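Numbering (our numbering), first residue to last: 10 to 515.
All C-beta atoms in this analysis are idealised placements derived from N, C-alpha and C, irrespective of residue type, glycine included.
Only a predicted model underlies this, so the values are computations on that prediction, with no experimental measurement involved.
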């Protein structure tokens, strides 16, 4: 194992150096959304507000330009600085991913998953792209890390019966006036045990910032609630030994995260109300994206809205320089797009399939990261990168989409099995085995949400970026399962005592 760890850290260091070489040697220039992020960050850093298209805007999330603006205000605007920040964020994301993976799978599988994640082509090349992808992945992994840290350790949690007995004993002592030193010490210890919930506060802050980066992020609060139900309610149904809780505890913990995240978002929503004279919680582009991808001329990819006959953007009452232009066109486009979907279900389904392919299997967006002002990368190298990018990302995406359904059904069947056999299995399924399974499913759900949202809205290869961590994890699990099966077939057995077949559970 020592050799494996050494190899892991050596490969991680090599990957970090490769990313640094890309940052300092390929002078890419931002285009499209990326140049708007950069210009908006400069505007914010100079105190001119969040401006795009020569108007105050909420067309795109303020999170990434705001993040850049903090550093631009200190060090001055710089493309190189923005790329260095991506470089550092990508390294931080790798450590967060390793932290989480170790809580879902064995150490060997976690190390392999982290290397798969690090060496995904777009994860490497996107350090050179001024997009929100590396920031969002860092925040997403940090959100899950804080949430996991809020869980009491399984070996330090009393059973529900023990907890009820402790409460009855405390009430009895209060009535009798007994305050013995031993009981006081136990009370102090219990209080220290309960401090893990404080990690929910930074989790809420991070969720709020994530929402300012990508407006679909509040949905992840629902994922947190489902995970809470899995932790507090499902174990009770299954008669687990360390059964805890009830739905109210899960609701309270979720409500804390929601309240903190809303407090983070609120100043931006208030600013939008004064700018647009309308309630705009996060952005004004959902109708725009839905409309350009769901109309008679739609191809499943971005298209110029002005090229669509009858486009609300071409017939708006307000000029483009007026902030109210965004609110009016967003509402009109949303209404037209949903109407078109209802009237054309067959064509809509065709477009969703194309968008799915575009998001996860075409992978042409690596070009943004290597096309600089000077031809540092040869044509042969570009062709090699293209093949590597398409094949590798298709493989990791397939590992997830093939594996996620058996993983979910396996969790459900495990709970049902122990519930049905509770009399013969009085010990039940301990939290030490339950929670890694549950965390793996919760960790998978953001990718499922992103898949559903993107196939409805727009096909764009960079939208798959937040799925990369779980794609890498499922790929490592698949490799470990295949490796174990090959060893078993050859009679090698499981030498280290922790089979890869239990990768999703241990």
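*Separation of residue 414 from residue 87, as counted between CA atoms*: 45 Å
Test item: CB-CB of residue 224 and residue 270 under 9 Å | no
ask   = Between residue 444 and chain C, is there a C-beta pair that is closer than 9 Å?
value = Although the question refers to chain C, the structure presented lacks it and comprises just one protein chain.
Take the Cβ of residue 346 as the centre, count every other Cβ of all protein chains shown within 10 Å, and call the residue buried at 16 or more, exposed below. buried
Exercise for review: Classify residue 123 as helix, strand or coil using the three-state DSSP reduction.
Suggested key: helix
Worksheet entry | Presumed contact (8 Å Cβ cut-off) between residue 137 and residue 92, rounded CB distance | 6 Å
Just to confirm the assignment, what range does the alpha helix (DSSP H) spanning residue 30 have?
11–34
Along the chain, where does the alpha helix (DSSP H) containing residue 272 start, and where does it finish?
256–285
Quiz item: Near residue 211, what residues of its chain come up, given a Cβ to Cβ distance below 6 Å and the 5 sequence neighbours on each side ignored?
Solution: 155
Query - Alpha-carbon spacing of residue 274 relative to residue 497, whole angstroms - result: 53 Å
Residue 124 and residue 31 - do their beta-carbons sit closer together than 9 Å? no
How far does the alpha helix (DSSP H) with residue 498 in it reach, from first residue to last?
477–498
Practice problem: Would you check if the region 335–343 and the region 305–324 touch, i.e. whether three or more CB-CB distances between them fall below 8 Å? | Solution: yes
Q) If residue 67 and residue 292 are in contact, beta carbons under 8 Å, what's the gap, nearest whole angstrom? A) 5 Å
(message) Along the chain, where does the alpha helix (DSSP H) containing residue 349 start, and where does it finish?
(response) 333–352
Exercise. In the structure shown, what three-state DSSP assignment does residue 92 receive?
Worked result: helix
**Study point:** Backbone CA spacing between residue 129 and residue 420 [nearest angstrom]
**Key:** 28 Å
Quiz item: By a C-beta neighbour count over all protein chains shown, 10 Å radius and 16 as the cutoff for buried, is residue 214 buried or exposed?
Solution: buried
In this structure, does DSSP put residue 133 in helix, strand or coil? helix
Could you check if residue 57 is buried or exposed, using at least 16 other CB atoms within 10 Å of its CB as the buried criterion?
exposed
Check: How many angstroms separate the CA atom of residue 464 from the CA atom of residue 89?
Finding: 34 Å
Taking the C-alpha atoms as reference points, what is the distance between residue 332 and residue 281? 10 Å
### Task
Output the distance between the C-alpha atoms of residue 222 and residue 44, rounded to the nearest integer angstrom.
16 Å
Q) Which same chain residues, not among the five before or five after residue 102, have their C-beta less than 6 Å away from its C-beta? A) 146, 147, 150
Item to complete: Can you give me the Cβ contacts of residue 266 inside the same chain, cut-off strictly under 7 Å, excluding the 5 residues immediately before and after it?
Response: 209, 212, 213, 216, 230, 233
Can you check whether the CB of residue 109 is closer than 9 Å to the CB of residue 447? no
task: Going by CA-CA distance only, name the one from 457, 356, 283, 140 that's closest to residue 40.
output: 140
_Could you tell me the alpha carbon to alpha carbon distance between residue 218 and residue 74, rounded to whole angstroms?_
12 Å
Q. With distances taken between CB atoms, is the gap from residue 309 to residue 302 smaller than 9 Å?
A. yes
- Beta-bridge partners of residue 64, as assigned by DSSP: 61
Item to complete: Classify residue 460 as helix, strand or coil using the three-state DSSP reduction.
Response: helix
- Task: Report yes if the CB atom of residue 459 is closer than 9 Å to the CB atom of residue 475, and no otherwise.
- Result: yes
Please name the residue in 444, 397, 359 whose C-alpha comes closest to that of residue 131. 397
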